[in-house]
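Be aware that the sequence shown starts at 1041, since it is given in this note's numbering, and climbs by one per residue.
A virtual CB, placed ideally from N, CA and C, is assigned to each residue, including glycine.
As structure tokens, the structure follows; a few thoughts come after it.
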Amino acid sequence: MKKSLIKISWPNNIDTFASEGDNWFSTAEKAGLEIPTGCLTGSCGACEIDVNGETVRACISCIKGVKGNNLNVSLTTDPFWEV
Ligand code: FES
């Protein structure tokens, strides 16, 4: 079965497309963004992003499809993401 593409809207107003199961870090790079990292084991929270209002630790999760396949990503606290 063919996977449908998921549209991801980034805080810099760039949209990219990914498939379910894709890695958050490489997908952010396609939008010209870098998700901060720390432990890469899910414990420090440095890589937290907000996906459709839900906090996700990018290092221990992958892109998941939702109804409508449209994800809005933001990060509210890290000034790195303020564009
Ligand atoms: S890098 Fe530490 S929780 Fe993801």
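Measuring CB to CB, does N1052 end up less than 8 Å from A1071? Against a cut-off of 8 Å, the Cβ pair of A1071 and N1052 comes out as a contact.
G1082 to R1097 span [Cα, whole Å]: Taking the straight line from one Cα to the other gives about 6 Å.
Hey, would you say the C-beta of C1079 is under 7 Å away from at least one heavy atom of the ligand FES? Look at C1079: its beta carbon is less than 7 Å from one of the heavy atoms in the ligand FES.
Within 7 Å: the Cβ of C1099 and any heavy atom of the ligand FES? Remark: the shortest separation between the CB of C1099 and any heavy atom of the ligand FES falls under 7 Å.
One or two residues paired with T1111 in a DSSP bridge: Note on identity: in this sequence residue 1111 is Leu, with Thr being the wrong assignment. L1111 is bridged to I1048.
Give me, in chain order, the residues of the same chain whose beta-carbon lies closer than 7 Å to that of S1114; leave out the 5 immediate sequence neighbours on both sides. Taking C-beta separations shorter than 7 Å and ignoring five residues to either side along the sequence, the partners of S1114 in its chain run P1051, D1090, following chain order.
Residues that V1091 bridges to, as DSSP identifies them: When beta bridges are read from the DSSP output, V1091 appears opposite E1094, V1113.
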